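One structure below.
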């Protein structure tokens, strides 16, 4: 009975052994699994660099208007955003006190004129009496002096009247040029002082853009440089302009104020306060051609933490098609623009640059190039 059991178990033993050996064989011949990496094939960009910066549109001639005299602000005759012609009355002060002052000065002129007439006639009589021998030269000279004083008093009175009339005229605030009331800065029935701002006023046409340029770029901005401007709120609108002013002193954030004059804006609905995107051309040296690569291609394990920047050098990986391995390349960088980096040297046309996950890669590592997989729509079998 024992022999019979052994004979019956033998086939099961051989069958199990076959599957075990097959499993070992499959493990030995399993293909190597390589890491797939994202990449891009490099090609050199044009030599002309550009940079876009945001600025704010302003009127080229913008003024804060104020009365030259003080008083009660009696009336405002215009609204914000209203266009007015030169000389239009914008606001009025209560003129009553100024009118009374004019009347007083006119009375002074009348009194001085009457005195002058009297002394003139008196001098005339004294000269006749002197001629007939009934007066003396001293009396004539005294009359002459009184006449000159009266003449001078008339001049003073007339000057004071002119000043009073001018003050009365200044109770009307008029537009110094044709333009738009950008903002109202005061309210009626309020006492205002001479020089207190009442309106912000913008000239007709003539727009400019104020841009803050970083210190790293200000050296490449030149006066009269031609720029282009687009506007996020005005689709399809683009105008040209030129640099008219460059600030000499750094302001907030170590940036310099640059003023750009826009051309041919009269027929466009460009308004003060709008955002403008200004495109600067930074250099046109034909000998300098660059690659523009994504920041994600830089291996930050080689990043200069002390300096906190690329320091003109960076490390990237390229794919060797012959060996399917990675090679490190040290490159010279120039400018960081958004999430892109300009590379001056260290790369060549046709290089296969690894663009993602570089901090997990190593030189000599064998990889495969990632290919996107697209899911096809499901179909029903007929």
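In my numbering, the protein residues as written are 18 to 399. Glycine included, each C-beta is placed from N, C-alpha and C at the ideal position. What you are looking at is a predicted structure, and each value in this text was computed from that prediction instead of being measured.
- Taking the Cα positions, residue 94 is about 42 Å away from residue 131.
- Residue pairing by DSSP places residue 68 opposite 297 in a beta bridge.
- Per the C-alpha coordinates, the member of 230, 232, 293, 279 positioned closest to residue 251 is 293.
- Distance from the Cα of residue 145 is smallest, within the candidate group 135, 157, 136, for 157.
- Counting along the chain, residue 122 sits inside the alpha helix (DSSP H) bounded by residues 113 to 149.
- Residue pairing by DSSP places residue 350 opposite 360 in a beta bridge.
- Counting only residues of its own chain and dropping the five nearest sequence neighbours on each side, residue 55 has a CB closer than 8 Å to the CB of 371, 372, 373, 374, 387.
- According to the DSSP assignment, residue 174 belongs to the alpha helix (DSSP H) that extends over 154 to 186.
- With contact defined as three or more Cβ pairs closer than 8 Å, the stretch 79 to 94 and the stretch 137 to 155 are not in contact.
- Per DSSP, residue 79 lies in no alpha helix (DSSP H); the unbroken beta strand (DSSP E) holding it starts and ends at 79 to 83.
- 347 is the residue among 347, 356, 369 whose C-alpha sits nearest the C-alpha of residue 362.
- Within 10 angstroms of the beta-carbon of residue 142 lie fewer than 16 other beta-carbons, which makes it exposed.
- Remark: three or more beta-carbon pairs, one from each stretch, lie closer than 8 Å, so the stretch 273 to 283 and the stretch 209 to 229 are flagged as touching.
- Taking residue 310 as reference, the option from 358, 267, 367, 196 with the minimal CA-CA separation is 358.
- No Cβ-Cβ contact shorter than 8 Å links residue 102 with residue 199.
- Between residue 140 and residue 111, the alpha-carbon positions lie close to 45 Å from each other.
- No Cβ-Cβ contact shorter than 8 Å links residue 129 with residue 86.
- Assignment of residue 288 by DSSP, reduced to helix, strand and coil, places it in the coil class.
- Here residue 314 carries a helix assignment [DSSP, helix/strand/coil].
- Straight-line measurement puts the Cα of residue 173 at about 29 Å from the Cα of residue 154.
- For the pair residue 266 and residue 235, the Cα-to-Cα distance works out to about 11 Å.
- Ranked by how close their Cα comes to the Cα of residue 117, the residues 184, 246, 109 have 184 in first place.
- Cβ contact annotation for residue 351 (same chain, cutoff 7 Å, sequence separation greater than five): 307, 359, 361, in chain order.
- Around the C-beta of residue 50, fewer than 16 other C-beta atoms lie within 10 Å, and the residue is accordingly described as exposed.
- In the structure shown, the three-state DSSP call for residue 270 is helix.
- In the three-state scheme derived from DSSP, where H, G and I count as helix and E and B as strand, residue 194 is classed as coil.
- Per DSSP, the beta-bridge partners of residue 53 are 385.
- Each of 72, 180, 57 was checked against the Cα of residue 291, and the nearest Cα belongs to 72.
- According to the DSSP assignment, residue 282 belongs to no beta strand (DSSP E), since it is labelled neither H nor E.
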